[in-house]
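Going down the list, the sequences are from chains A and B.
Take the first sequence: its position 35, counted from the start at 1, is 394 in this note's numbering, and no numbers get skipped.
Take the second sequence: its position 23, counted from the start at 1, is 117 in this note's numbering, and no numbers get skipped.
Step one of this worksheet: look at the structure below.
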Amino acid sequence: QPVQVSLEIDEDDETDRDIFDINEALGLNLFEGDIRLDNGRPERNS
Amino acid sequence: IIGNQYRWPHTIPYVLEDSLDMNAKGLILKAFERYRLKTCIDFKPWEGEANYISVFKGSGCWSYVGKRQGGRQELSIGANCDRIATIEHEFLHALGFWHEQSRSDRDDYVTIMRDRIQAGKESNFNKYDDKTSDFLNIPYDYNSVMHYSKTAFMNGTEPTIVTNIPAFIDVIGQRIDFSEYDIQKLSRLYNCSSSLSFMDTCSFELPNVCGMIQNTEDNADWQRITQVSSGPQTDHTYTGVCQETGYFLHFNTSTGNQGDRAVLESRFLYPKRGFQCLQFFYYNSGSETDQLNIGVKEYTVANPNGAYRHIETIQGSPVSYWELHHIPLNMPNKFRVVFEGIKGSTTSNGGLSIDDINLSETQCPHHVWHIRNFTELLASSPLGEAGSLYSPPFYSPEGYAFQIALYVNGTTSPFNLAIYLHLISGANDNTLQWPCPWKQFTMVLLDQHPDIRQRMSNLRSITTDPNEVDFSGNYYWDRPDKVGTEATFPNGTKFMRGPRSGTSVFLTHQRLKSRDFIKDDSIFILATVDDISHLISTEPNLTATSAPTTNQVATTTTSMVDVCIDYGCKNNGTCVIVDRKPICRCPAEVDWWYMGEKCEEKGTRQDIAVIAVASSLCVFGVMLIITIVTTCCLKKKYKKQMQANRSLELKNATSF
């Protein structure tokens, strides 16, 4: 399916976002921001 | 992370899942190339190995730390994660690295400002003791690609991490490339002694000139010097740092006769991959008829003394700056690189100079955009369109014309370098496919460090998606004479420039002024265009795969699909083609696996335990029988002997 975009694409939406900003904006609650832990272990330590 | 169970083999099997964006797929392969250049870590398409990394487009950018021994190990490169340093960062996690600021000695180097951290996010600033995490005897690295930036998880505007040496506050959090210490740490963790694609580097600082030799059949020599009155005034290695310190090689053409030759040969080089890129800096202060010939001497069984092959001639008007040259080589056998200077017919006041040579088994960039007097541009360029610089028109290997636009002082923020790609109208437009399908345009701001292994060049890629449309319903990557606007080259020629795609936050001025991005008052933007349409389908479970290509990507081939369908792997086995024959790769987990020609048999850890116990019992039983039989035999033997002795004793007693 065609994707609609404006006449200019700024891949970063004019913002210098780090890995942690991207994950935070998605509401991910990963360990130290971008680390997955093994199944059965909590994503964040208490 | 401490523990050998977390280490991968030096060649890591991977799968690029089809969910990934095309740009991400291409960039992951480029990140692998950086690993190959700087470390001994290599990557290969998964062929049924028990453990492998499966890269997919999940939500966000994340990875596990180290090998988890769980078969398929996920690594997510989600939306906006398709940046080369982000990919390097996530793969470093997968290889066994935590974040730099979580090392056990971090409090000596940074201060965590707890009151500035968002509520509930404090656990992101963990520190591990030296029983869990090993910093491998490498100093704390503010420049690590694994370090948080000063703004990580902050609740206001004040930094959450303050460096104990204030000069490093804006250094932390770089997302350009591996730092020198990142490479050292990775090399120590995986016992690397060499890398896969690096071959040689030479800045001529040492008198042994990196083992290069002067050919004896010429009539002039290259000289190792620090300065030539007519230029260069300094070498390239230390330009802007020290004068009369660094050395370069010079062939003086201001004296001698027309046709005089100076031939320099590298030491023997042993290729592994069959393709190489020779990169060097060149200064011509001689005449427009002086020549620099680049060639190779290839050593084979048929030519044990080496067969010379000319590759390229560099000739042109004298200039007053160092130029950058790339020469692609395709050497499968032992070889030497040959630099041949030839004095031309016209008067020369100087000569030919070379410096900072690098040879690696990588692809050369297709184009170099050299921007001179850059410091002045940085100081004077206005914000926005008025401060834009457009590259000369370049052509991709297929013939698409394009232009790079650089905004020295940014498009929106004054302290950022912004970079964009435009397709432009070109000579081949009528014969090309439109909208331009799946071409990955890579733009690299070169870090001009003399040693390619220590460079941290800033790279961004733009991929043309033929399905993208703008708000008017036009295809974004359609013919520039259809969707573009009129523009004019400096010589007055009119052309059409398509819409732009890129980033307004390519690099901050602060980072631009660090390292060797600006040297000899010049920057170099390297441009490469790769056709990545073969990456549309990269998952191996599409029934059949062909042998890996040079980019080591598994690609599907229709003719082989039928062979695999007929072959019929059982129990979800994956059919792969090896040497044009179908082979089943069987699924396996830690506790069970399938085996057999078509994965028809199941094995479990329990089976092994049963076999081991049964074997032990069997051996024990046999040994017990042998012992009983031996004991019985010995008992019988000694009984007979004792009886014989007793009768003898009785006989003797009677005779007395």
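C-beta atoms are modelled at their ideal positions from N, C-alpha and C, and glycine is treated no differently.
Cα separation between residue i and residue j?
| i | j | result |
| --- | --- | --- |
| B:P487 | B:D235 | 41 angstroms |
| B:T205 | B:V265 | 15 angstroms |
| B:T698 | B:W687 | 6 angstroms |
| B:K151 | B:S323 | 57 angstroms |
| B:F600 | B:G667 | 44 angstroms |
| B:Q646 | B:G142 | Reliability fails at B:Q646, whose pLDDT of 39 lies under 50, so the model's placement of it is uncertain and the value that follows must be treated cautiously. Using only the alpha carbons, I get a separation of about 15 angstroms. |
| A:D375 | B:A706 | 58 angstroms |
| B:M425 | B:L363 | 10 angstroms |
Tell me which residues share the same chain as residue i and place their Cβ nearer than 7 angstroms to its Cβ, disregarding the 5 neighbours each side in the sequence.
| i | result |
| --- | --- |
| B:D112 | S631, T632, E633 |
| B:T597 | A512, I513, R554 |
| B:T441 | S381 |
| B:D115 | K151, D176 |
| B:M689 | C680, E695, G697 |
| B:V502 | L471, L472, S475, G481, L483, L511 |
| B:W140 | P107, Y108, V109, Y146, P634 |
Answer yes or no: does any C-beta atom of chain A fall closer than 8 angstroms to that of residue i?
| i | result |
| --- | --- |
| B:G158 | Looking at the sequence itself, residue 158 of chain B is Tyr, so the reference to Gly does not match. Interface residue, yes. |
| B:E252 | no |
| B:P593 | yes |
| B:T180 | yes |
| B:L718 | no |
| B:F714 | no |
| B:V462 | no |
| B:H344 | no |
| B:H187 | yes |
| B:S598 | yes |
| B:G267 | yes |
| B:G154 | yes |
| B:R547 | no |
| B:D575 | no |
| B:A648 | With a pLDDT of only 39 at B:A648, under 50, the local geometry of the prediction cannot be trusted, and the value read off the model is given with reservation. No - not a single Cβ of chain A is within 8 angstroms of the one on B:A648. |
| B:N174 | yes |
| B:N218 | yes |
Nearer than 7 angstroms: is that true of the beta carbon of residue i relative to any heavy atom of the ligand ATP?
| i | result |
| --- | --- |
| B:N427 | The model on display carries no ligand, and the ligand ATP is accordingly not part of it. |
Can you tell me where the alpha helix (DSSP H) holding residue i begins and where it ends?
| i | result |
| --- | --- |
| B:I171 | Note, B:I171: premise wrong, no alpha helix (DSSP H); beta strand (DSSP E) at 166 to 171. |
| B:T320 | Premise fails: B:T320 is in no alpha helix (DSSP H) and is neither H nor E. |
| B:L606 | 603 to 606 |
| B:M116 | 116 to 132 |
| B:E184 | 178 to 189 |
| B:K533 | Per DSSP, B:K533 belongs to no alpha helix (DSSP H); it is in the beta strand (DSSP E), 533 to 539. |
| B:A473 | 468 to 474 |
Strictly below 8 angstroms CB to CB, what residues from chain A border residue i?
| i | result |
| --- | --- |
| B:A54 | With chain B running from 95 to 750 in the structure shown, residue 54 of chain B is simply not present. |
| B:T506 | E373 |
Identify the contact partners of residue i in chain A, using a Cβ-Cβ distance below 7 angstroms as the criterion.
| i | result |
| --- | --- |
| B:V431 | In chain order: nothing, as chain A lies at least about 38 angstroms away. |
| B:N351 | Correct list: empty, because the minimum Cβ distance to chain A is about 57 angstroms. |
| B:H193 | E391 |
| B:G481 | Here the premise fails: no neighbours, minimum Cβ distance about 16 angstroms. |
| B:D264 | Under the 7 angstroms cutoff, chain A gives no residues; its nearest Cβ is about 12 angstroms from B:D264. |
| B:R162 | D397 |
| B:S243 | D377 |
Short of 8 angstroms in beta carbon distance, which residues of its chain neighbour residue i, apart from the five on each side in sequence? Order them along the chain.
| i | result |
| --- | --- |
| B:C131 | Checking the sequence, you will find Leu at residue 131 of chain B rather than Cys. So the list reads S289, L290, S291, F292, S454, T456, I546, R547, once near-sequence residues are dropped. |
| B:A246 | N218, T254, I255, G267 |
| B:D564 | Y570, V577, P593 |
What does residue i reach in chain E if we use C-beta pairs closer than 9 angstroms?
| i | result |
| --- | --- |
| B:T558 | No chain E is present in this structure, whose protein chains are A and B. |
Where do the ends of the beta strand (DSSP E) carrying residue i lie?
| i | result |
| --- | --- |
| B:D136 | 136 to 139 |
| B:Y275 | Segment 274 to 283 is the alpha helix (DSSP H) holding B:Y275; no beta strand (DSSP E) there. |
| A:N382 | Element bounds for A:N382: not the beta strand (DSSP E) but the alpha helix (DSSP H), 378 to 384. |
| B:H344 | 342 to 346 |
| A:D369 | 367 to 369 |
With a threshold of 6 angstroms on Cβ separation, who are the neighbours of residue i within its own chain once the five nearest residues in sequence on each side are excluded?
| i | result |
| --- | --- |
| B:L500 | L483, I513 |
| B:D610 | D541, Q542, H543 |
| B:F78 | With chain B represented from 95 up to 750, any question about residue 78 of chain B goes unanswered, as that position is not in the structure. |
| B:C458 | C371, H420, P422 |
| B:Y376 | E417, H419, I448 |
| B:A356 | D312, A314, D315, W316, F345, G435 |
Starting from the beta carbon of residue i, find every residue of chain A whose beta carbon is closer than 9 angstroms, and list them in chain order.
| i | result |
| --- | --- |
| B:E184 | I378, D393 |
| B:C530 | Within chain A, no residue comes near B:C530; the closest Cβ sits about 14 angstroms away, beyond 9 angstroms. |
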